[in-house]
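Worksheet for the structure shown next.
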Amino acid sequence: MNIIVSILSLTFFAQVLRLFTPYFLGANAANFSERAGVINIAIEGFMITSALGYALFTYLTNNIFLGFVCAILVNLLFSLLYALFVIKLKINQIVAGVGFNLLMAGLAKFLIVFIFQSSSNTPRIPDLPNIPYIQDIPYVGEVLSDYIILFSFALIFISNFVLFKTKFGLRLRSAGENPEAGESLGIKIRLYKLYGVLICGFLSALGGIWLASNQNSFSDGMVAGRGYIALAAMIIGKWKPVNILFACIMFAFFEALEITFQISGTFIPSQIIQMLPYLITILVLIGFIGKTKPPASDGIPY
Amino acid sequence: MEFLLNKKLKANIVSISISVVLTFLITIILLLILGKNPVVVLGTMFGEVFGSGYGLGQTLFKATPLIICGCGLAICFHASIFNIGAEGQLNAGSFVISLVAFYFSGLPFILLFPLCLLSGFIVSGVFGLIPAIIKIKKGVSEVISTIMLNFIILALVNYLLIDFFAVKSTVRTEKISESFMIPKFSEYFQMFQGSSLNLTFVFALLLALFTYYLIYKTSFGYKLRAVGFNETASKYMGIKNNKIILLAFFIGSGITSFVGINFIMGYKGYYELGFSNNLGFTAIAVALLAKNNPIGVIFSALLFGILDYGGLAVNNIVPKEIMFVIQGIVILSILSVDKLVEKYYG
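Chains as they are written, first to last, in my numbering: chain C, 2 to 303; chain D, 243 to 588.
The following block contains the structure:
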């Protein structure tokens, strides 16, 4: 009974929204890259790097805005490097993704020890500012006045619009569906693949920044597989922003449920709820819940 | 044909050597940027690793699970199967090995050891069969399914361990009987005194030889490589691709469970949550660096072992975590150098 009450509460709703944000940013990041035909399984690493970048530069410059910009720049630099590997050198995207994940997670582990002499986390950093007025709304103000959460709401429309209603989106998708045909029409396919990877870097940076800002620090292991859940959400969402939205809400709901269960204690083991997103993804892939098909030329170097 | 093979081998050796050198160069530059003396850091590292029996023993001890897991993955990779799921597979198998060794304490070691190997192999292998089956039946890429399975298996092991098998208020299983512990090198050689290096290392070397034989000298290995090289062509050669993919997944994943032998029977005596510490991912780098050649895996695992133990040795000069960075650099250098050498050798 208690559990039903706590699930129906506004706190629970706010919790779902908070958990939803990094998933949705990560899933859209991955989607832009895959729509351009580049698989990026290093979303996890990109989120780690930007989370650390934000915490580190905010601490060093004592300026949230500079920290924000630097975190995005760092991620864009890594995206360029990733693009060099998979677009220019045509290295297998899965293997490169594993490599980048190892490097970026390792770099973060190393830098927090090297710079802060702590094996676990950075010093405390201030919150991102809230949007004035909105934050005064009772109950929901705190969540809705968060710039990044609001942006991720807007992203539902932006993603859909950019991918399906603009010339840019059409060209980007042609790079992922049929690059030869696109090239024959004069589209610079590799350039559009690069755009896809860069947008991916930018959006995953927002996800990482949000995580660090929400926790007021960077700590080792804080991204905790969210990059992989984002990938799963993209697949379940069949590479379509609106479906991705629902997949992310579902995953966020399960995670919030897990947290609620942990606090109140139930007969359902928390590990079972933990594995649900992954289990559902596999079931979707097997075809129990509708067919899912990636862009035709996804992962094939061009 | 013989000429081509030699050329390929030559290209491999060239690209591996260049990437190792490149990694050291990048590391030296990195150390200079961080304001550390590379000569001191690298000198201390190699001095510690090769300067004492203990250091050498610890290095070989760290290399042991990497050889084992690297060999398992090499089998998968030869069939062009991107098994990213070793981390989960090896944890499932190792967990079961610790349980079997604890609950069958009445058996003599000579029976218990094969039983442990077999049960670990089957459990890890079956978890490898899941992605194989859904790849064959539904055309689902093993990359995504193995990543998802990692999380599922780890949560499952976590659940079984915490709720049923763990020693109270710890995250480990009961200690197995002392008589099941695999002898340490230090029992035979005074020089390895204090090191955890045990006979599992010899087991790992034999496993590498066996894997080499399996891949390059048997008809299964030939078919494995044919499937990995060109699935359409192998089908027309009369090879049952699906059967090979199933077998490669089963054997490759099954082998990864043997890393538990080193930790459980050779070192701690129990399975502990998080013992693998991303071993399943590091082993991907090990196999890649070795170009999936099991003999090469021995050497690349040694390099990673040097980095692993060397990191501890230099920890008071520069944080040991730098070795994670270097491991990342190794894998990215081999990937990029490979492509460039490939272009040069045509």
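Positions of the beta carbon are idealized from the N, C-alpha and C atoms, including for glycine. Keep in mind it's a predicted model, so treat the numbers as computed, not measured.
Opening and closing residue of the alpha helix (DSSP H) in which residue i lies
{"i": "D/Ile376", "result": "351-380"}
{"i": "C/Phe184", "result": "As written in the sequence, residue 184 of chain C is Glu, which differs from the Phe given in the question. Run containing C/Glu184: 180-185, per the alpha helix (DSSP H) assignment."}
{"i": "C/Pro130", "result": "Element bounds for C/Pro130: n/a, residue is neither H nor E."}
{"i": "C/Asn102", "result": "94-117"}
{"i": "C/Gln263", "result": "242-265"}
{"i": "D/Asp580", "result": "564-587"}
{"i": "C/Ser80", "result": "65-84"}
{"i": "D/Ile404", "result": "Looking at the DSSP string, D/Ile404 is not in any alpha helix (DSSP H), and its letter there is neither H nor E."}
{"i": "D/Glu329", "result": "328-345"}
{"i": "D/Val556", "result": "Careful: D/Val556 lies outside any alpha helix (DSSP H) and carries neither H nor E."}
{"i": "D/Asn484", "result": "483-498"}
{"i": "D/Glu420", "result": "Note, D/Glu420: premise wrong, no alpha helix (DSSP H); not H, not E."}
{"i": "C/Lys189", "result": "That residue, C/Lys189, is in no alpha helix (DSSP H); it is neither H nor E in DSSP."}
{"i": "C/Pro278", "result": "271-287"}
{"i": "C/Ser34", "result": "11-36"}
{"i": "D/Val469", "result": "461-471"}
Residues near residue i in its chain [Cβ-Cβ closer than 6 Å; skip 5 each side]
{"i": "D/Lys465", "result": "Ile481, Ile486"}
{"i": "D/Ala305", "result": "Ala543, Leu544, Gly547"}
{"i": "C/Asn122", "result": "Ser218, Ser220"}
{"i": "D/Thr269", "result": "Ile568"}
{"i": "D/Met433", "result": "Gly295"}
Where residue i sits in the DSSP three-state scheme
{"i": "C/Arg172", "result": "helix"}
{"i": "D/Asn440", "result": "strand"}
{"i": "C/Asp137", "result": "helix"}
{"i": "D/Asn279", "result": "coil"}
{"i": "D/Ser518", "result": "coil"}
{"i": "D/Arg414", "result": "strand"}
{"i": "D/Met243", "result": "Residue confidence is low: D/Met243 scores 44 on pLDDT, short of 50, so the model does not pin down where it sits. No coordinate-derived value is stated."}
{"i": "C/Asp147", "result": "strand"}
{"i": "C/Asn122", "result": "strand"}
{"i": "C/Ser160", "result": "helix"}
{"i": "C/Ser218", "result": "coil"}
{"i": "D/Lys426", "result": "strand"}
{"i": "D/Ala525", "result": "helix"}
{"i": "D/Pro307", "result": "helix"}
{"i": "C/Lys89", "result": "helix"}
{"i": "C/Asp299", "result": "coil"}
Contacts of residue i in chain D (Cβ-Cβ under 9 Å)
{"i": "C/Leu104", "result": "Phe566, Val567, Gln569, Gly570, Ile571, Ile573, Leu574"}
{"i": "C/Phe115", "result": "Leu276, Val560, Pro561, Glu563, Ile564"}
{"i": "C/Ile42", "result": "Ile326, Val385, Ile386, Ile389"}
Within chain D, the residues that residue i reaches when beta carbons sit closer than 8 Å
{"i": "C/Ile269", "result": "Within chain D, no residue comes near C/Ile269; the closest Cβ sits about 11 Å away, beyond 8 Å."}
{"i": "C/Gln263", "result": "Those within 8 Å of C/Gln263 in chain D number zero; the least Cβ separation is about 13 Å."}
{"i": "C/Leu108", "result": "Phe566, Val567, Gly570"}
{"i": "C/Val99", "result": "Ile326, Phe523, Ile526, Ala527, Ile573"}
Close Cβ partners of residue i (< 8 Å) along its chain, the five nearest in sequence each way excluded
{"i": "D/Pro425", "result": "Asn440, Leu441"}
{"i": "C/Leu212", "result": "Pro23, Met48, Ala52, Met223, Val224, Arg227"}
{"i": "D/Ile372", "result": "Ser387, Leu391"}
{"i": "C/Glu143", "result": "Ala15, Asn131, Gln136"}
{"i": "D/His320", "result": "Ile457, Gly463, Leu466, Arg467, Gly470, Ala490, Asn534"}
beta-carbon residue i near the ligand FMN non-hydrogen atom, thresh 8 Å
{"i": "D/Glu563", "result": "Ligands in the displayed structure: none, and consequently the ligand FMN is not present."}
Contact set between residue i and chain C, taken where Cβ atoms lie within less than 7 Å
{"i": "D/Ser347", "result": "The premise fails here: D/Ser347 is roughly 28 Å from chain C at the closest Cβ pair, so nothing lies under 7 Å."}
{"i": "D/Asn400", "result": "Gln272"}
{"i": "D/Ala397", "result": "Gln272, Gln275, Met276"}
Proximal residues to residue i (C-beta, below 7 Å), its chain only, five neighbours per side dropped
{"i": "C/Ala31", "result": "Asn41, Ile44, Cys201, Ala231, Leu232, Met235"}
{"i": "C/Arg36", "result": "Leu164, Leu173, Arg174, Gly177, Gly197, Trp240, Pro296"}
{"i": "D/Met243", "result": "Legend: pLDDT at D/Met243 = 44, less than 50; position of this residue unreliable, value from coordinates given subsequently. Correct list: empty, nothing qualifies."}
{"i": "C/Phe21", "result": "Cys249, Ile250, Ala253"}
{"i": "D/Ser575", "result": "Ser261, Leu264, Thr265"}
Partners in chain D for residue i, counting only beta-carbon separations shorter than 7 Å
{"i": "C/Thr96", "result": "In the sequence under discussion, the amino acid at residue 96 of chain C is Val, which differs from the Thr named in the question. In chain order: Leu530, Leu577."}
{"i": "C/Phe111", "result": "Pro561, Glu563, Ile564, Phe566, Val567"}
Residue i at chain A interface by Cβ criterion, 9 Å
{"i": "D/Leu582", "result": "Judged by its chain identifiers, the structure shown contains no chain A, and its protein chains are C and D."}
9 Å Cβ cut-off: residues of chain C touching residue i
{"i": "D/Val539", "result": "Near D/Val539 there are no residues of chain C at all, since even the closest Cβ is about 16 Å away, more than 9 Å."}
{"i": "D/Lys380", "result": "Leu286, Ile287, Gly288"}
Neighbour list for residue i in chain C, Cβ cutoff strictly below 8 Å
{"i": "D/Phe471", "result": "Chain C residues near D/Phe471: none, gap ~15 Å exceeds 8 Å."}
{"i": "D/Ile394", "result": "Met276, Tyr279, Leu280, Ile283"}
{"i": "D/Ile376", "result": "Ile283, Leu286, Ile287"}
By the 9 Å beta-carbon criterion, what residues does the stretch 405-433 of chain D contribute toward chain C?
Asp405
Which of the residues in the stretch 323-335 of chain D, read from start to end, lie with their CB under 9 Å from any CB of chain C?
Phe324, Ile326
Under 9 Å, CB to CB, which of the residues in the stretch 263-284 of chain D have a partner in chain C?
Leu276
Proximal residues, the stretch 275-289 of chain C versus chain D, C-beta separation under 7 Å:
Gln275, Met276, Tyr279, Leu280, Thr282, Ile283, Leu286, Ile287, Gly288
Against chain D: residues of the stretch 221-239 of chain C by CB proximity under 8 Å:
Gly226, Tyr229, Leu232, Ala233, Ile236
Between the stretch 80-91 of chain C and chain D, which residues of the former have CB atoms less than 9 Å from a CB of the latter, in chain order?
Leu82, Leu85, Phe86, Leu90, Lys91
When Cβ atoms are compared, which residues of the stretch 287-303 of chain D fall closer than 7 Å to chain C?
none
Closer than 7 Å, Cβ to Cβ, to anything on chain C: give me those residues from the stretch 467-495 of chain D, in chain order.
none
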